């Protein structure tokens with residue numbers, strides 16, 4: 010009887026020592042792992058992130074979209090980070106790692122030329138008329154295109170306006186705006202596809218959608234004089250002579 014009690018006590022002591030040893034080993038492993046994690050996290054903390062190719066977003070906005078916040082760890086991003094985050098107006102992006110603390114992000118934007126208003130939203134489309142984004146936001150240097158007739162709009166589908174050539178005209182206009190550094194808020198097409206431009210408080214009657222290069226060049230020369238003017242500038246009959254240009258002031 011006494012021998013059995015003695016063996017039982019010894020077994021309990023041995024189990025207690027094993028548990029204590031296991032806890033010590035676990036604590037040491039956890040401490041070492043914690044130290045390694047802390048050192049690793051600090052070593053691979055992003056010191057520099059360079060963004061190229063974006064005109065829609067600031068670096069801070071892109072950092073939040075792609076990396077989820079201000080703090081970025083290269084190792085964590087490579088192992089756990091989302092590599093294909095969907096970002097409005099961005100076709101794709103590439104992240105290049107320069108270990109241990111630098112990232113280079115190249116952004117490829119969707120080629121947007123304008124937008125139409127539809128059901129309270131701005132529907133942005135590319136040079137082929139494909140609607141690529143829907144947003145309530147307005148973006149710099151992307152004009153509204155008004156006067157086009159359509160029944161419905163589906164994202165990633167061509168906007169059917171009954172005139173396939175109109176997108177070539179719109180692209181030519183946008184490229185000319187960039188070439189001559191003309192800031193246009195809205196482009197309006199009437200039923201005959203004559204063009205009217207809206208530039209702040211000045212409305213510009215550009216006329217025919219054919220061969221408007223000379224008229225836009227003249228508009229560039231005149232736009233510096235607009236100042237606080239309000240009214241309509243008629244360039245539809247422009248023939249190379251300034252006497253053919255009419256400006257009707259509005260009060």
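Numbering (the working numbering), first residue to last: 10 to 260.
Don't be surprised by glycine CBs; every beta carbon is placed ideally from N, CA and C.
All values reported here derive from a predicted model rather than from experimental measurement.
Bounding residues of the alpha helix (DSSP H) (the contiguous stretch that carries residue i)
i: residue 177; result: 175 to 189
i: residue 74; result: 68 to 76
i: residue 94; result: It is not in any alpha helix (DSSP H) - residue 94 carries neither H nor E in the DSSP assignment.
i: residue 227; result: 222 to 232
Nearest residue (CA-CA) to residue i, options the options
i: residue 122; options: 135, 111 and 112; result: 135
i: residue 185; options: 221, 204 and 153; result: 221
i: residue 152; options: 171, 125 and 139; result: 125
i: residue 158; options: 191, 66 and 200; result: 200
i: residue 165; options: 180, 155 and 143; result: 143
i: residue 105; options: 57, 244 and 192; result: 57
i: residue 257; options: 247, 214 and 233; result: 214
i: residue 259; options: 240, 250 and 107; result: 240
i: residue 64; options: 103, 150, 198 and 107; result: 150
i: residue 110; options: 195, 59, 197 and 28; result: 59
i: residue 100; options: 141, 253 and 79; result: 141
i: residue 211; options: 235, 196 and 217; result: 235
Cβ neighbour criterion (16 or more within 10 Å) applied to residue i
i: residue 72; result: buried
i: residue 138; result: buried
i: residue 67; result: exposed
i: residue 117; result: exposed
i: residue 177; result: exposed
i: residue 173; result: exposed
i: residue 132; result: buried
i: residue 87; result: exposed
i: residue 225; result: buried
i: residue 38; result: exposed
i: residue 55; result: buried
i: residue 114; result: buried
i: residue 255; result: exposed
Residue i (DSSP reduced to helix, strand or coil)
i: residue 251; result: helix
i: residue 53; result: coil
i: residue 89; result: helix
i: residue 195; result: strand
i: residue 28; result: helix
i: residue 35; result: helix
i: residue 244; result: coil
i: residue 84; result: helix
i: residue 149; result: coil
i: residue 259; result: coil
i: residue 61; result: strand
Span of the beta strand (DSSP E) around residue i
i: residue 142; result: 140 to 144
i: residue 107; result: 99 to 107
i: residue 134; result: 130 to 135
i: residue 206; result: 204 to 208
i: residue 212; result: 211 to 216
i: residue 238; result: No beta strand (DSSP E) holds residue 238; DSSP gives it neither H nor E.
i: residue 123; result: 121 to 127
i: residue 155; result: 153 to 155
i: residue 163; result: Residue 163 -> no beta strand (DSSP E), and no H or E assigned at all.
i: residue 114; result: 111 to 118
Closer than 8 angstroms to chain B by CB, residue i
i: residue 229; result: The structure shown has no chain B; it contains just one protein chain.
Nearest-angstrom beta carbon gap, residue j and residue i [assumed within contact, 8 angstroms]
i: residue 53; j: residue 84; result: 4 angstroms
i: residue 81; j: residue 112; result: 7 angstroms
i: residue 202; j: residue 175; result: 7 angstroms
i: residue 208; j: residue 232; result: 7 angstroms
i: residue 243; j: residue 227; result: Rounded, the Cβ-Cβ distance is 12 angstroms, inconsistent with contact.
i: residue 189; j: residue 219; result: The pair is not a contact, with the Cβ atoms about 18 angstroms apart (cut-off 8 angstroms).
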